[in-house]
Amino acid sequence: MSKLPIPDLGSYLREQRENAQMSLRQLADVAGVSNPYLSQIERGLKRPSAEILQQIAKGLQVSAESLYVRAGILDERVADHEPSAGRDVLSAIAGDPVLTDRQRAVLVDIYQSFVASGAATTENKPQTRTTTSRATRPTKSVKTQKET
0 MSKLPIPDLG SYLREQRENA QMSLRQLADV AGVSNPYLSQ IERGLKRPSA EILQQIAKGL
60 QVSAESLYVR AGILDERVAD HEPSAGRDVL SAIAGDPVLT DRQRAVLVDI YQSFVASGAA
120 TTENKPQTRT TTSRATRPTK SVKTQKET
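Residues 0 to 147 (numbering that gives the first Met the number 0) make up the sequence shown, in order.
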C-alpha cells in the first residue's frame, strides 16, 4: 500500500467529522479509539487498521468502503462496481476482529480477483435441479399381460 492515500484519508476524516459537528474527542469516544491516536490519523501520521476504520465510519455515519478506498485498502474501481452483496463481504472481512491486517488484505485480494474474473457471477454458479415430489410426478402406464 502506498503512503499517498494517508493524508487524503486524514483530511477526509477531519472534513467528515467537522460536517457531523463532532469534536475530535467525541469521535474518538464513539469510535473507541484514543483522542491522540485519532488526531494522528487525521494528520496523516498513523495508518489505521480496517477494523479501526470501520469503527470510525460507524461514528461518522459514513460507509466503511469510502474510508477503505481513501486508506488504499480497497480499490476504488471495485468499490464503485461492487454489488451490495460484495460490499457486505468486504465489510465482513474488514470488521472481523480475529483476522490480522495482512489476512484481511489477502482475503480482499482473493475475493476481488474472483469477482474480476467472473467466478462469482450468477452465470458461473452451478445449476440446481428442481425435484418433483412423487405425488405430483406423472405416472407411467404399466400394461399388464392381460391388457396386451
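In this text, a Cβ means the ideal position worked out from N, Cα and C, and glycines have one as well.
- For the options R24, A19 and A93, the alpha carbon positioned closest to that of I72 is the one of A93.
- Relative to the Cα of L23, the nearest Cα in the group A49, L98, V107 and I55 belongs to I55.
- Contact annotation: L52 and L66 have beta-carbon atoms nearer than 7 Å.
- Inter-residue distance for Q39 and L106 is about 27 Å (C-alpha atoms, whole angstroms).
- In the structure shown, G43 falls within a coil segment according to DSSP collapsed to helix, strand and coil.
- Residue burial annotation: R101 is exposed, with fewer than 16 other C-beta atoms found within 10 angstroms of its C-beta.
- Residue state for S90 is assigned as helix, using DSSP reduced to three classes.
- In the three-state scheme derived from DSSP, where H, G and I count as helix and E and B as strand, G9 is classed as helix.
- Taking all protein chains shown into account, Q111 has 16 or more neighbouring C-beta atoms within 10 Å of its C-beta and is therefore buried.
- Excluding the 5 residues flanking it on each side, S33 has same chain C-beta neighbours closer than 8 Å at A27, in chain order.
- Closest by C-alpha distance to L12, out of V61, D95 and L98, is V61.
- Annotation: L98 to A104 spans about 10 Å, alpha carbon to alpha carbon.
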